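Using this note's numbering, the letters of the sequence shown map in sequence onto residues 5 to 536. All residues carry an ideal CB built from backbone N, CA and C; glycine is no exception. This structure is a prediction, so every number in the text was calculated from the model and none was measured.
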Amino acid sequence: MASSPHTQDYIGKLSEELRLEVCELLPIPALKNLGLANKHWRKSSSSVLWKSFESSLVAGDRDFDALVLSLPDGLFDNVKNLKIRTPPENFEIVMQVVSSITRDTLRTVELIGVHTEVWESLLCSQHSIEELTFRQHSYIQLSRRFPNPRSLAHSLKKLQKLKIASRRNDNDYSAWLVNTPALEVLSLGSGWGRDSRDATAVPLDIRTPAVGFVPLRLRRLSLFQLILLDGVDHLGGIIHLPSLKTLDIIHCDRVPVLLRYLTSKYTTSNESALKSFNLTQDPEDEEELIESLNQFIGCFSGLETLFVATRDPQHVDVHKVCRHGQTLRFLHLDPLYRQMDLTLFNNRGYYSAGELETLAAGCPYIEELGIHAAAIDLSVVDLSLKFSKFNGRDLPRALDIIARLRSLRSLRLTHLLTVNDNNEVGDSNSNAWYHSKLASKVMQYLVERGSSIEVFAISPTATQYSDSAEQDFQGHTWPNYYYLRGTATIPLRHRHITQAQAIPVTEKNITDYVKYPSLLFRSEENDFKAYA
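Following this line, the structure appears as structure tokens:
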């Protein structure tokens, strides 16, 4: 059970007697149970303290008899945010909680592991929900169906954000969407947290709405582990595509089908508000992906963020990217998204100097860049050499071009690095030393050429090898390394010089130095966490 984030402010509104009890006599953990105290205090405290309720409703975790007996005029009178994650055997307890919440008070709802009947009961009494997350466990047969359309008909009029995660093969998403006129953010997928890595994609089933339906003016559409076939042809009938500002396609099958459909729609309407496009793709047999992607990003302009991470070694056409050159601020291009082994010295995968030249000339306002810019193998490189001799000039040549991006503040190299000849992760502290040495050389090289670089990262998009890695003495875990720009004064015989240095910083602390959301942290793992 959780209190509002602003509990301390609300405590000031309590009576002096109750404030003394809350602030001085009760230990902080006991605040969770304040709603079960004296009835008079329970009623007065619930109006200011208990805005959110989050629980697993596991027996023994709390005195549920007392919880239920405290109703009405108690804990649930003013709850606006409800989140319950519980096993299916708690059906009766969940129903008691849901039926006890005051009518039309909830604003955000997330129920995980509950029977569909619970959803139907809740939706019949709550008509002011603004944010809803509907998740179904695949192994709970009684929870696998969607709620009865009758329970959706009048409950979602104020809904602004909807997230559905279901592994059912015959989901009719239209039953939800035709009842959400105020919807702005929509996330659809088959994922279920980290387990979704091995999940089977399900079809995107969107049916043609009735005549007279006004298409939804979404701001953001996110598709996760879906099969994009016949259903995509009905997207334009239920979503006003020219109004869409953010589109995320993550681990979906048959992506070219959707991209070709969007290309035809955008070309026909000659109108697009799309500012952010994110594609993370892994299927082994996805044909025509890059071709359809090039056609899509080349049919309109105005993108501010373009994130492409694919297993396809074929590169995105940088000339198509430059179609967005005057507005593009955040660019991530990674053709080595998922490597099947740790063979790292790959001369074919990185973007060439010619491609980087095109990007630098056509997209001069890039602020964050994530790219595979050179083949780097720290196990064969002598970092004591001058940087101009490093790796046969591949990396210095790339950095010469990147330094021309005068607005660039953040650079992320997406190539997976190791210092072990046997393609193993190796010792964490040795990794830290090698990566830190490389980072300082990169930082110095860029600054000497007039770059305004502030943050440098060595961080591949795929992170499937990092589970067994240990944290090093700088707070990093292979293969993700982050550095800030610092300076070091070096005394010489008759003078001293100041050089740029890479200062290690953890992912947690680096957020103070970059805009959010940042391309630095987009990864496969974080994509899956979005559906955790």
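Does the beta-carbon distance from residue i to residue j come in below 8 Å?
i	j	result
Val206	Asn175	yes
Asp476	Ala436	yes
Leu403	Leu442	no
Leu166	Leu136	yes
Leu297	Leu283	yes
Cys256	Leu225	no
Thr90	Val83	no
Pro464	Leu409	no
Leu412	Leu382	no
Glu292	Pro260	yes
Leu187	Leu239	no
Lys87	Glu121	no
Ile380	His419	yes
Gly235	Ile210	yes
Leu115	Ser132	no
Arg258	Leu227	no
Ser170	Ile242	no
Asn94	Thr112	no
Gly490	Gln505	yes
Ser268	Glu308	no
Ala377	Leu363	no
For the alpha helix (DSSP H) that contains residue i, what are its first and last residues?
i	result
Gln299	Leu293 to Ile301
Glu121	Thr120 to Ser129
His323	Val322 to Val325
Val98	Phe95 to Ser104
Ser434	Ser432 to Glu452
Leu181	Ser178 to Leu181
Ile380	No alpha helix (DSSP H) contains Ile380, which DSSP labels as neither H nor E.
How close, in whole Å, do the beta carbons of residue i and residue j come, if the pair is a contact with beta carbons under 8 Å?
i	j	result
Val459	Ser414	4 Å
Leu332	Ile375	No, Leu332 and Ile375 are not in contact; Cβ-Cβ is about 13 Å, not under 8 Å.
Leu278	Val312	That belief does not hold up - the Cβ atoms of Leu278 and Val312 are roughly 14 Å apart, past 8 Å.
Leu1	Ser159	No answer is possible for residue 1: it lies beyond the span of the chain, which begins at 5 and ends at 536.
Gly306	His328	6 Å
Gln140	Arg172	7 Å
Tyr486	Thr515	About 10 Å separates the two Cβ atoms, so there is no contact after all.
So, with DSSP's three-state summary, where would you put residue i?
i	result
Thr347	Unreliable positioning characterises Thr347 in this predicted model, as indicated by a pLDDT of 48, which lies under 50. A coordinate reading is not provided.
Asn85	strand
Ser522	coil
Gln140	coil
Leu417	strand
Gln505	strand
Gln475	strand
Ala41	Interpretation of Ala41 is limited by its pLDDT of 45, a score under 50 that renders its predicted location unreliable; the figure taken from the coordinates is listed afterwards. Of the three classes helix, strand and coil, the one that applies to Ala41 here is coil, per DSSP.
Ala6	At Ala6 the pLDDT is 43, less than 50, meaning the model places this residue with poor confidence; the figure from the coordinates comes in the next sentence. Coil, per DSSP.
Thr362	helix
Pro207	strand
Ala357	helix
His319	coil
His500	strand
Ile168	strand
Glu134	coil
Following the continuous beta strand (DSSP E) through residue i, name the residue where it begins and the one where it ends.
i	result
Asn282	Ser280 to Thr284
Val113	Thr112 to Ile116
Ser159	Where Ser159 is concerned, there is no enclosing beta strand (DSSP E), given that its DSSP letter is neither H nor E.
Tyr485	Tyr485 to Pro495
Gly193	Val189 to Gly193
Asp398	Note, Asp398: premise wrong, no beta strand (DSSP E); alpha helix (DSSP H) at Asp398 to Ile406.
Glu58	Ser56 to Ser59
Ile462	Val459 to Ile462
Ala186	Neither: Ala186 is in no beta strand (DSSP E) and is coded neither H nor E.
Nearest chain B C-beta to residue i closer than 8 Å, yes or no?
i	result
Phe57	The structure shown contains no chain B; it is built from a single protein chain.
Just to confirm the assignment: which complete beta strand (DSSP E) runs, minimum length 3, are found wholly within the segment 219-284? 224-228, 250-254 and 280-284
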